[in-house]
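If you count the sequence shown from 1, position 39 lands on 502 in the numbering used here, and the numbers rise without skipping.
Take a look at the structure set out below.
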Amino acid sequence: MNTLFIVGFVAMRLLVAAFFILLVVRIGAGLLAGRHHGSRGILERRFAAGEIDEAEYRARRDVLES
Numbered sequence: 464m465n466t467l468f469i470v471g472f473v474a475m476r477l478l479v480a481a482f483f484i485l486l487v488v489r490i491g492a493g494l495l496a497g498r499h500h501g502s503r504g505i506l507e508r509r510f511a512a513g514e515i516d517e518a519e520y521r522a523r524r525d526v527l528e529s
């Protein structure tokens, strides 16, 4: 019975560790994706609000895509 408890305890710790590793990886991927689309999103919002004209929008978009 003692061996079963130890095996279960180790398995539970491995599952918890795997969960946290997966969580950190997912959050990290989300932050990187948000950072990549953040500049484009700001540019699109400025164009939609009329802060920049179409020529400036296209020029800046091309810079971001290169």
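A virtual CB, placed ideally from N, CA and C, is assigned to each residue, including glycine.
Item: Can you list, in chain order, the residues of its chain whose CB lies under 8 Å from that of Arg524, leaving out five sequence neighbours each side?; Value: Arg503 and Leu506
Item: What is the rounded straight-line gap between the Cα of Glu528 and the Cα of Tyr520?; Value: 12 Å
Item: Return the first residue and the last residue of the alpha helix (DSSP H) that Ala522 is part of.; Value: Glu517 to Glu528
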